[in-house]
Amino acid sequence: MDPTIKDFEAAIAELETIVKKLEEGDLPLETSLELYERGVTLSRYCHGQLEAAERRIDVLNERGDAKPASPALGLDRDDDA
Amino acid sequence: MRRLPLTVSQLSARLRNVVEETFDEIWVQGEISGGRTWNSGHFYFTLKDANAQIKGVVFRSTLRLLKFKPTDGLCVTVRGRISVYEPKGEYQLVCEHLEPQGLGELQLAFEQLKKKLAAEGLFAETRKRPLPALPRRIGIVTSIDGAALRDIVRVLRRRYPNAHLVISPTRVQGEGASGEIARALRLVARIDHVDVVIVGRGGGSLEDLWAFNEEIVARAIAACPIPVISAVGHETDVTIADFAADLRAPTPSAAAEMVVRQKDEFTAHIRRLVQQLRAAMLNRVRRFDSRLHALQARPGFAGYPGRMAWRSRHVGELTSDLKHAARGAIAARRRRLETARRTLDQFDPRHRLARVRATLVGQDVRLRGAATRRLHRVQGRFRELAAHLDGLSPLAVLGRGYAVCWDGERTRIVRDAESVAPGDPIRVTLERGEIRARVTDS
Numbered sequence: 001m002d003p004t005i006k007d008f009e010a011a012i013a014e015l016e017t018i019v020k021k022l023e024e025g026d027l028p029l030e031t032s033l034e035l036y037e038r039g040v041t042l043s044r045y046c047h048g049q050l051e052a053a054e055r056r057i058d059v060l061n062e063r064g065d066a067k068p069a070s071p072a073l074g075l076d077r078d079d080d081a
Numbered sequence: 001m002r003r004l005p006l007t008v009s010q011l012s013a014r015l016r017n018v019v020e021e022t023f024d025e026i027w028v029q030g031e032i033s034g035g036r037t038w039n040s041g042h043f044y045f046t047l048k049d050a051n052a053q054i055k056g057v058v059f060r061s062t063l064r065l066l067k068f069k070p071t072d073g074l075c076v077t078v079r080g081r082i083s084v085y086e087p088k089g090e091y092q093l094v095c096e097h098l099e100p101q102g103l104g105e106l107q108l109a110f111e112q113l114k115k116k117l118a119a120e121g122l123f124a125e126t127r128k129r130p131l132p133a134l135p136r137r138i139g140i141v142t143s144i145d146g147a148a149l150r151d152i153v154r155v156l157r158r159r160y161p162n163a164h165l166v167i168s169p170t171r172v173q174g175e176g177a178s179g180e181i182a183r184a185l186r187l188v189a190r191i192d193h194v195d196v197v198i199v200g201r202g203g204g205s206l207e208d209l210w211a212f213n214e215e216i217v218a219r220a221i222a223a224c225p226i227p228v229i230s231a232v233g234h235e236t237d238v239t240i241a242d243f244a245a246d247l248r249a250p251t252p253s254a255a256a257e258m259v260v261r262q263k264d265e266f267t268a269h270i271r272r273l274v275q276q277l278r279a280a281m282l283n284r285v286r287r288f289d290s291r292l293h294a295l296q297a298r299p300g301f302a303g304y305p306g307r308m309a310w311r312s313r314h315v316g317e318l319t320s321d322l323k324h325a326a327r328g329a330i331a332a333r334r335r336r337l338e339t340a341r342r343t344l345d346q347f348d349p350r351h352r353l354a355r356v357r358a359t360l361v362g363q364d365v366r367l368r369g370a371a372t373r374r375l376h377r378v379q380g381r382f383r384e385l386a387a388h389l390d391g392l393s394p395l396a397v398l399g400r401g402y403a404v405c406w407d408g409e410r411t412r413i414v415r416d417a418e419s420v421a422p423g424d425p426i427r428v429t430l431e432r433g434e435i436r437a438r439v440t441d442s
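So this is what it looks like as structure tokens:
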């Protein structure tokens, strides 16, 4: 994980700022390219986060420990049609 | 008739027998006033109407069973009995059961708790927290075999297939359910990465939903360290839990939609930003590109290496420097562009990849000429130089039939016939080629 990116929300905010700068500012090409590369890194991070969660259902037991849901509960069937 | 006086005790005992047998189970209605709960936990009050009043008590054991709290001004119907307290010669109404007139008992309890918690600021808008942009794990507090859980899971699976759900099972109705709900909420909030919790149940009667109107649940929601979405019953059911939650969902399915709507919105937002990013970057490159083209199109600039022979040593060196500088900068630019292009290719292979790549290859060629700040700096020097060279360019003159005459060493242009003598070698540059000659007369 990129240590310069704090979290998803921060990444979005920075990406927005970069787009604004690139669109508005009359920056040297070098700076533009740096910003662009940073923007690509940020957007990859965001996409990664969006897909990062693990498909999974846990159920807490009496003591509050998370255990995978029993298939007998029938919660995660894909018969959604 | 002989007088047989009774003692006060005897009289009191008789009165007591008569009164308590006669008024063993009665229903009375009136307004509560002067109510007060003593340290013993019993509630003492006066029940009155326009013309009369009677003292009354609700013992602690009875008080505990009431959903609502008896307060002054409340009109109630009481079931109870009359009890005589001989030591003080007093009688009072001992309440076995109380119910409010007008509003039902549950409605009254609801209103009372709502008012109390609102006064504490528990429902204040400033307490409401925004939902996380992207919950890493979603907590669900409800019955493990209820319809609500099935609804929530179905919606989440459809709209956010890879979501990680953590279910904290609890009873949601019946005696003690409220305590269990509060506990289940505390447990799930402790699980790592659970960023939002849905707490709720499917539809039912007011009594079925009652646990969500109890103070312990409202307080657990308010104390929860992460945002809580309440989802109790149907759209028309409003509970105390709804007021305490950060967000109220009309139904359990809607709660699930609220959680994943965030994901959909962000996906679209990021896609938009990336498009803007690309467009802005290409626009920048095009502007640099057209400036460079304008510069290169100047007469006397194109094909300059072939003409360097005409220029002084100084000009030749300067040009060589510039070429070297430009080449180095171009190589660096090119490496970075390659990196950027690879990054971009990996980033979203499905998204109009072919078009993007084609554009980038085109931009690569342009960037080689344009994309360097160093080159940009030397462009200024080039421009001056080019303007200067335009003026000096002899080619156009030679093309019209003129020639340039040099001395024999080709270090000096012969401008004056007096400067050479017969026999001196000279060189003559024509439009095409050069002649070595000797002066015969001057």
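In order, the protein sequence lines correspond to chains A and B. All residue numbers for the first sequence refer to the numbering used here, where the first residue is 1 and numbers rise by one. All residue numbers for the second sequence refer to the numbering used here, where the first residue is 1 and numbers rise by one. Using N, Cα and C, we set each Cβ at its ideal position, and we do this for glycine too. Please read these numbers as outputs of a predicted model, since none were measured by experiment.
Which listed residue (the options) has its alpha carbon closest to that of residue i
i: GLU62(A); options: PRO169(B), VAL439(B) and GLY174(B); result: PRO169(B)
i: VAL19(B); options: GLU86(B), LYS263(B) and ALA279(B); result: GLU86(B)
i: ILE18(A); options: SER253(B), GLN276(B) and PHE123(B); result: GLN276(B)
i: GLY35(B); options: TRP27(B), TYR44(B), ASN17(B) and CYS95(B); result: TYR44(B)
i: VAL238(B); options: PHE110(B), ASN17(B) and LEU134(B); result: PHE110(B)
i: GLU235(B); options: VAL197(B), SER253(B), ASP416(B) and ALA220(B); result: SER253(B)
i: VAL57(B); options: GLN92(B), LEU156(B), THR411(B) and ASN17(B); result: GLN92(B)
i: TYR36(A); options: ARG412(B), ALA417(B), GLY423(B) and ALA279(B); result: ALA279(B)
i: VAL59(A); options: ALA52(A), ALA69(A) and GLU51(A); result: ALA69(A)
i: SER419(B); options: LEU430(B), ALA50(B), ALA211(B) and TRP406(B); result: TRP406(B)
i: VAL172(B); options: ALA211(B), ALA223(B), GLU257(B) and ARG60(B); result: ALA211(B)
i: VAL439(B); options: CYS75(B), ALA417(B), GLU431(B) and LEU430(B); result: ALA417(B)
i: THR46(B); options: PHE23(B), GLY73(B) and GLU180(B); result: GLY73(B)
i: PRO161(B); options: ARG291(B), GLU105(B), LYS263(B) and PHE123(B); result: LYS263(B)
i: GLY89(B); options: SER9(B), GLU120(B) and ARG81(B); result: SER9(B)
i: LYS69(B); options: PHE288(B), GLU215(B) and ILE221(B); result: GLU215(B)
i: GLY25(B); options: ASP246(B), ILE82(B) and THR37(B); result: First, the amino acid is wrong: residue 25(B) is Glu here, not Gly. With distances taken between Cα atoms, GLU25(B) lies closest to ILE82(B).
i: ARG436(B); options: SER442(B), ARG415(B) and VAL404(B); result: VAL404(B)
i: ARG137(B); options: LEU106(B), PHE123(B), LEU98(B) and ARG190(B); result: ARG190(B)
Three-way DSSP call (helix, strand, coil) for residue i in this model
i: THR440(B); result: coil
i: PHE110(B); result: helix
i: VAL80(B); result: According to the sequence as given, residue 80(B) is Gly; it is not Val. Of the three classes helix, strand and coil, the one that applies to GLY80(B) here is strand, per DSSP.
i: GLY188(B); result: In the sequence as presented, Gly is not what sits at residue 188(B); that position holds Val. If DSSP states are grouped into helix, strand and coil, VAL188(B) belongs with the helices.
i: LEU367(B); result: A caution first: LEU367(B) carries a pLDDT of 45, below 50, which makes its placement in the model too unreliable to give a value.
i: TRP38(B); result: coil
i: ARG427(B); result: strand
i: ILE413(B); result: strand
i: ARG63(A); result: coil
i: THR142(B); result: strand
i: VAL172(B); result: coil
i: LYS67(B); result: coil
i: ARG136(B); result: coil
i: TYR45(A); result: helix
i: GLN101(B); result: coil
i: LEU35(A); result: helix
Status (buried if at least 16 other CB within 10 Å, exposed otherwise) for residue i
i: THR4(A); result: exposed
i: PRO130(B); result: exposed
i: LEU392(B); result: Caution is warranted here: a pLDDT of 43 is assigned to LEU392(B), below 50, making its placement in the model unreliable, and the coordinate value is therefore given only provisionally. So LEU392(B) counts as exposed.
i: THR7(B); result: exposed
i: PRO422(B); result: exposed
i: LEU185(B); result: buried
i: ASN51(B); result: exposed
i: ALA370(B); result: Model confidence at ALA370(B) stands at a pLDDT of 44, short of 50, so the residue's coordinates are unreliable and nothing is read from them.
i: TYR402(B); result: exposed
i: GLY233(B); result: buried
i: THR22(B); result: exposed
i: GLU24(A); result: exposed
i: ILE221(B); result: buried
i: LYS115(B); result: exposed
7 Å Cβ cutoff met for residue i and residue j
i: VAL188(B); j: GLY146(B); result: no
i: THR71(B); j: GLN101(B); result: no
i: VAL197(B); j: VAL153(B); result: no
i: GLY30(B); j: LYS55(B); result: no
i: SER230(B); j: ARG248(B); result: yes
i: LEU29(A); j: PHE243(B); result: no
i: VAL166(B); j: ALA72(A); result: no
Closer than 6 Å: residue i CB and nearest the ligand ADP heavy atom
i: PHE68(B); result: As for the ligand ADP, it is missing from this structure, which has no ligand bound.
Q.
Please identify, using Cβ separations under 9 Å, the residues of the stretch 255-270 of chain B that lie next to chain A, in order along the chain.
A. LYS263, PHE266, THR267, HIS269 and ILE270
| query | Listed in chain order, which residues of the stretch 160-183 of chain B have Cβ atoms closer than 7 Å to some Cβ of chain D? | reply | The displayed structure is made up of protein chains A and B, and chain D is not among them.
Got a sec: which bits of the stretch 206-223 of chain B sit with their beta carbon under 7 Å from any beta carbon on chain A, in order along the chain? none
For the stretch 5-23 of chain A, which residues have a beta carbon sitting closer than 8 Å to at least one beta carbon of chain B?
Result list: PHE8, GLU9, ILE12, LEU15, GLU16, ILE18, VAL19, LEU22 and GLU23.
Any C-beta of chain B within less than 8 Å: which residues of the stretch 53-80 of chain A qualify? Residues passing the 8 Å Cβ filter: ALA53, GLU54, ARG55, ARG56, ILE57, ASP58, VAL59, LEU60, GLY64, ALA66, ALA69, LEU73, LEU75, ASP76, ASP78 and ASP80.
Q. Any residues in the stretch 222-246 of chain B with a beta carbon nearer than 9 Å to a beta carbon of chain A? Which ones, in chain order?
A. none
Residues within the stretch 278-290 of chain B neighbouring chain A, beta-carbon criterion of under 7 Å
ALA280, MET281, ARG284 and PHE288
Problem - Contact residues within the stretch 72-95 of chain B, judged by C-beta distance below 9 Å to chain A - result: none
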